[in-house]
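These protein sequences, in sequence, are chains A and B. So for the first sequence, our numbering puts the first residue at 81; every next one is plus one. So for the second sequence, our numbering puts the first residue at 2; every next one is plus one. Cβ atoms here follow ideal geometry from the backbone N, Cα and C, with glycine treated the same way.
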Amino acid sequence: MVLSKTSSESDVSVHSTFASRYVRASLPRFRMPENSIPKEAASQIINDELMLDGNPRLNLASFVTTWMEPECDKLIMASINKNYVDMDEYPVTTELQASLKYCRRKNRCVNMIAHLFNAPLGDSETAVGVGTVGSSEAIMLAGLAFKRKWQNKRRAEGKPCDKPNIVTGANVQVCWEKFARYFEVELKEVKLRDGYYVMDPKKAVEMVDENTICVAAILGSTLNGEFEDVKLLNDLLVEKNKATGGGFIAPFIYPELEWDFRLPLVKSINVSGHKYGLVYAGIGWVIWRNKEDLPEELIFHINYLGADQPTFTLNFSKGSSQVIAQYYQLIRLGYEGYRNIMENCRDNMLVLKQGLEKTGKFNIVSKDNGVPLVAFSLKDNSCHNEFEVSDMLRRFGWIVPAYTMPPDAQHVTVLRVVIREDFSRTLAERLVIDIDKVLHELETLPSRISARIVLANEEKLDAVAEKVKKDQNEIKEIITAWKKFVMEKKKMNGVC
Amino acid sequence: MALSKTALDTDVSVHSTFASRYVRASLPRFRMPENSIPKEAAYQIINDELMLDGNPRLNLASFVTTWMEPECDKLIMASVNKNYVDMDEYPNRCVNMIAHLFNAPLGESETAVGVGTVGSSEAIMLAGLAFKRKWQNKRKAEGKPSDQPNIVTGANVQVCWEKFARYFEVELKEVKLREGYYVMDTEKAVEMVDENTICVAAILGSTLNGEFEDVKLLNDLLTEKNKETGWDTPIHVDAASGGFIAPFLYPDLEWDFRLPLVKSINVSGHKYGLVYAGIGWVIWRSKEDLPEELIFHINYLGADQPTFTLNFSKGSSQVIAQYYQLIRLGYEGYKNVMENCRDNMLVLREGLELTGRFDIISKDSGVPLVAFSLKNNSTHNEFEVSDMLRRFGWIVPAYTMPPDAQHITVLRVVIREDFSRTLAERLVNDIQKVMHELENLPCKVCARIWISGDGDKEQHGAVVVKKTALETQREITTIWRKFVMEKKKMNGVC
């Protein structure tokens with residue numbers, strides 16, 4: 081006869097989660113556990129771990145949307161079990177997205193965005209474009225279209241087509257390098273230089289040769305938000321435009337800027353719905369000028385659920401919530417709403433910029449026109465550098481990244497704050513105050529320069545290391561300084 | 002002085018949505034509207050349109066998960082504003098768990114090699130890319146040409162393999178099917194392997210009829226051939242559906258990394274991984290199977306982050322949901338779910354057999370689904386059955402098999418976690434109703450015979466007999482459409 085039960089034997093549904101044995105066990109990390117656990121325990125445990133992640137809204141490194149209206153959250157949740165690809169099953173959801181011209185249904189988001197970019201469409205003509213998971217996929221699809229078109233042209237001319245290349249600036253986001261490497265296209269990068277952090281259109285055009293499948297320009301460079309001069313490029317020679325950041329900014333606050341399909345050589349544009357399209361992560365768009373720019377052979381006609389369905393994407397099954405959310409934003413906000421938001425972003429960007437300038441310690445690297453962000457570097461980074469500022473800001477909850485520019489401007493390090501929709505003026509003012517605090521703290525800290533001077537003299541390095549082995553404190557100091565030294569020298573691809 | 006205000010003038014926030022002007026206007030379809038509208042109106046309008054979409058849970062065509070526990074829904078919502086690229090802990094844990102599930106040969110503290118993807122399409126492209134690059138490197142080292150890579154699969158492969166082949170310029174060598182044998186014939190596959198083959202892809206859970214291909218036999222035959230030729234051709238297993246079924250229902254079936262030639266496996270988290278659409282996994286046997294040069298080291302937020310995916314920014318909810326399922330259910334839970342699916346599949350199958358009108362094409366072991374065709378499809382065919390079932394809310398697809406079995410048409414019902422026995426019995430009832438109705442309808446064949454028999458009249462027709470021209474025209478157009486549709490060449494089935 082059992083006299084008493086231990087907590088592990090009594091009915092588990094009785095215990096509140098924190099009274100149960102589940103919070104005593106270590107979470108499985110390598111192997112699936114043998115047994116099930118109650119859903120409340122699973123939910124609580126994961127929820128608690130996720131608490132330790134930073135607050136996405138304080139992550140000032142990311143362009144990706146971190147807030148949407150509660151009404152839209154409701155719509156997203158209601159459609160979470162819809163598969164984007166089930167066009168026949170969810171005809172309305174499909175119609176919201178769009179497809180290629182072969183689809184009988186009309187396009188909505190694709191058409192709206194195509195018109196936003198001044199695609200040369202007749203009144204009842206449907207736009208050519210697709211929804212993607214993000215700009216990475218969008219860029220791969222656009223690049224694939226260019227590659228195939230170029231190959232077909234070369235074959236028709238009887239010329240070799242085994243060495244395609246693409247010309248971009250060294251400031252491109254890493255997905256271009258991925259595209260180049262995975263799809264076997266050579267990447268010809270126009271190097272940057274101190275003070276000029278976007279692609280030089282003249283140098284770019286010089287690099288174009290018979291194997292160039294397109295030239296990619298960025299509207300909203302990741303590094304400092306600048307818009308590249310697409311018009312100049314077009315006038316010199318342009319074939320493609322990437323608008324990841326700027327596609328949902330330029331039409332609203334710089335409507336006179338000619339960067340889109342108004343320029344005749346622009347054949348495709350990609351934009352992230354999840355950046356200034358104001359939708360959560362997981363949605364991008366690529367629009368082609370017209371159907372001639374998308375080779376038919378890349379489009380698959382699949383027999384899905386017994387009906388013909390044309391598709392040109394890399395991903396197939398995926399959630400449909402973000403498409404619905406994108407449509408919500410387009411009709412909820414309209415031109416007026418997007419313009420108001422972008423103007424607010426720009427104003428708050430100016431508030432932040434002015435606050436930083438007033439401290440007298442920073443150079444502002446970003447321009448006023450472009451993606452609303454502030455990229456800044458220390459006027460004097462000999463005692464303490466931008467990485468330290470970035471580290472210390474984390475204590476206040478802010479994530480502000482520091483990174484070095486790509487070649488040939490690697491000696492320049494910047495901090496970058498992205499102004500998203502949900503970064504209010506209050507937050508901007510708070511950030512300036514916190515940055516001020518960080519700078520004051522750093523001034524009181526001993527600089528690491530003494531150790532660095534020693535290390536800079538590489539011949540003495542070994543001898544120094546020997547001497548120092550005896551003193552524990554000095555070892556630690558040198559290791560830390562060395563790590564920073566190495567990290568600064570370490571070659572990394574791309575910045576995001 | 003305004004004496005009265007029209008609805009347009011009063012403060013819009015006063016009006017309930019259905020009293021406002023927003024529900025009188027046509028929804029914008031081509032251009033962004035100039036002005037904003039209240040969020041309640043936007044929500045209501047879109048919500049109402051979406052009502053017209055089918056109910057995902059009655060979509061028996063799809064393998065993709067359509068129900069999760071409310072606790073998990075909460076977690077998903079809480080993380081909807083998190084970017085996957087900002088998480089590395091959870092994907093790593095899931096990869097390790099799944100790698101162990103597939104018996105990857107890992108040491109005690111060795112970490113598995115794999116990534117989370119948006120689905121099996123991306124997973125297959127990454128796996129294929131790894132094979133292609135590895136093969137190219139090997140050929141270059143041998144001083145041989147590497148410009149004609151090919152991949153050997155069955156004609157029953159899902160369309161993403163064809164996408165991979167076309168987008169990444171690899172030739173697809175398909176082993177044709179035949180009536181009664183709807184998976185890849187292993188011996189024929191091995192025959193087709195040549196020096197340019199980057200890998201042979203086997204499917205664990207064919208889309209068409211849920212069958213598991215015999216990976217062990219493939220491994221044995223290919224090992225022998227490799228010994229003779231020295232080509233070292235590897236195997237990839239597309240376990241999109243079967244990867245979360247076989248370990249629980251058929252643990253003794255050797256199909257995974259226990260077979261030495263299997264170098265990578267992909268599985269859909271959003272099928273029997275029991276997560277909503279948008280998550281897949283690909284696992285490599287070891288680091289050697291993933292060429293280092295494909296991995297990007299990016300400077301993200303100032304820290305080095307290695308990445309090998311096609312997508313970058315994407316939602317992180319599904320990864321969290323996958324982790325939730327793995328720890329919430331454990332082996333025990335997944336096994337129970339899969340056993341329930343199999344039992345309900347048997348209930349449905351027996352119900353269909355009892356009607357006496359169907360041939361069951363699917364097997365009992367494999368993915369829990371029932372693929373069936375009409376014993377007699379001369380008067381009415383499977384497409385009509387499928388159409389009529391929609392009236393009851395069910396979506397049951399009908400499709401023709403790929404070459405060389407195109408004359409076979411099947412209906413297919415996928416048994417997901419949330420397809421209870423009650424629903425199975427209801428479905429059988431409704432199918433019986435449909436069959437009775439169809440019997441009473443005149444068959445469309447007579448008209449068809451009539452049209453094709455008249456040699457001296459044009460096919461489109463001014464074939465006017467006793468009906469009005471309009472009726473005849475309609476009839477002909479419908480039949481012509483069906484005629485064209487059946488002949489139309491389509492790729493793949495999903």
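{"Item": "Cβ of Tyr-415(A) within 8 Å of any chain B Cβ", "Value": "yes"}
{"Item": "Best match in Asn-370(A), Gly-440(A), Ile-499(A) and Leu-453(A) for proximity to Glu-205(A) [C-alpha to C-alpha]", "Value": "Asn-370(A)"}
{"Item": "Cross-chain neighbours of Tyr-356(A) in chain B, by beta carbon under 7 Å", "Value": "Ordered by position in chain B, no residue passes the 7 Å Cβ test against Tyr-356(A), which lies about 13 Å from the chain."}
{"Item": "Per-residue burial, Gly-326(A) [other beta carbons within 10 Å of its own, 16 or more giving buried]", "Value": "buried"}
{"Item": "Glu-269(A) to Gly-305(A) span [Cα, whole Å]", "Value": "18 Å"}
{"Item": "Inter-residue spacing [alpha-carbon to alpha-carbon] between Met-389(B) and Ala-278(B)", "Value": "27 Å"}
{"Item": "Close Cβ partners of Leu-312(A) (< 7 Å) along its chain, the five nearest in sequence each way excluded", "Value": "Pro-281"}
{"Item": "DSSP state of Gly-440(A) mapped onto helix, strand, coil", "Value": "coil"}
{"Item": "is_contact[Phe-226(A), chain B] using C-beta, thresh 8 Å", "Value": "no"}
{"Item": "is_contact[Tyr-276(A), chain B] using C-beta, thresh 8 Å", "Value": "no"}
{"Item": "Every unbroken alpha helix (DSSP H) within the region 200-276 of chain B, with a cutoff of 4 residues, ordered by chain", "Value": "216-230 and 247-250"}
{"Item": "Cut-off 8 Å between Cβ atoms - residues of its own chain near Gly-214(A), not counting five sequence neighbours on either side", "Value": "Ser-352, His-354, Ala-361, Gly-362, Ile-363 and Gly-364"}
{"Item": "Contact set for Val-171(B): own chain, Cβ-Cβ below 8 Å, skip 5 residues either direction", "Value": "Gly-129, Lys-133, Pro-150, Asn-151, Ile-152, Phe-165 and Ile-199"}
{"Item": "Residue burial classification, Gln-434(A) (beta-carbon count within 10 angstroms, cutoff 16)", "Value": "exposed"}
{"Item": "DSSP beta-bridge partners of Trp-368(A)", "Value": "Val-208(A) and Ser-348(A)"}
{"Item": "Outcome for Ser-96(A) when other beta-carbon atoms lying within 10 angstroms are tallied against a minimum of 16", "Value": "exposed"}
{"Item": "Interface residues of the region 255-276 of chain B facing chain A [CB-CB below 8 Å]", "Value": "Ser-269 and His-271"}
{"Item": "His-101(B) at chain A interface by Cβ criterion, 8 Å", "Value": "yes"}
{"Item": "Range covered by the beta strand (DSSP E) that runs through Thr-248(A)", "Value": "245-249"}
{"Item": "Contact with chain B by Pro-580(A), beta-carbon distance below 8 Å", "Value": "There is no way to answer for residue 580(A), as the model of chain A reaches only from 81 to 576."}
{"Item": "Chain-ordered neighbours of Leu-205(B) on chain A, where CB pairs are closer than 9 Å", "Value": "The contacting residues do not exist; Leu-205(B) stays about 17 Å from chain A at best."}
{"Item": "8 Å Cβ cut-off: residues of chain B touching Phe-476(A)", "Value": "In chain order: nothing, as chain B lies at least about 16 Å away."}
{"Item": "Alpha helix (DSSP H) segment containing Tyr-91(B), residue limits", "Value": "90-102"}
{"Item": "Three-state secondary structure assigned by DSSP to Gly-414(A)", "Value": "helix"}
{"Item": "N-terminal and C-terminal residue of the beta strand (DSSP E) that Phe-359(B) is part of", "Value": "359-361"}
{"Item": "Beta-carbon separation (whole angstroms), Met-422(A) vs Ile-333(A), contact threshold 8 Å", "Value": "5 Å"}
{"Item": "Neighbourhood of Gln-231(A) by C-beta distance below 8 Å, restricted to the same chain and skipping five residues each side", "Value": "Cys-241 and Pro-244"}
{"Item": "Pairwise C-alpha distance: Lys-438(A) and Asn-163(A)", "Value": "51 Å"}
{"Item": "Any chain A beta carbon closer than 8 Å to Met-402(B)", "Value": "no"}
{"Item": "Own chain, CB closer than 8 Å to Leu-76(B), minus 5 neighbours either side, in chain order", "Value": "Ser-318, Ile-321, Ala-322 and Tyr-325"}
{"Item": "Distance between beta carbons of Phe-258(B) and Met-339(B), contact taken as under 8 Å", "Value": "20 Å between Cβ atoms; not a contact."}
{"Item": "Cβ-Cβ distance between Asn-345(B) and Arg-422(B) below 8 Å", "Value": "yes"}
{"Item": "Start and end residues, beta strand (DSSP E) containing Phe-384(B)", "Value": "Looking at the DSSP string, Phe-384(B) is not in any beta strand (DSSP E); the run it does join, the alpha helix (DSSP H), is 383-390."}
{"Item": "Extent of the continuous alpha helix (DSSP H) run through Thr-18(B)", "Value": "Counting along the chain, Thr-18(B) falls outside any alpha helix (DSSP H), and DSSP gives it neither H nor E."}
{"Item": "Residues within the region 430-444 of chain A neighbouring chain B, beta-carbon criterion of under 8 Å", "Value": "none"}
{"Item": "Secondary structure of Pro-578(A), DSSP reduced to three states", "Value": "Absent from the model: residue 578(A). The displayed extent of chain A is 81 to 576, so no value can be given."}
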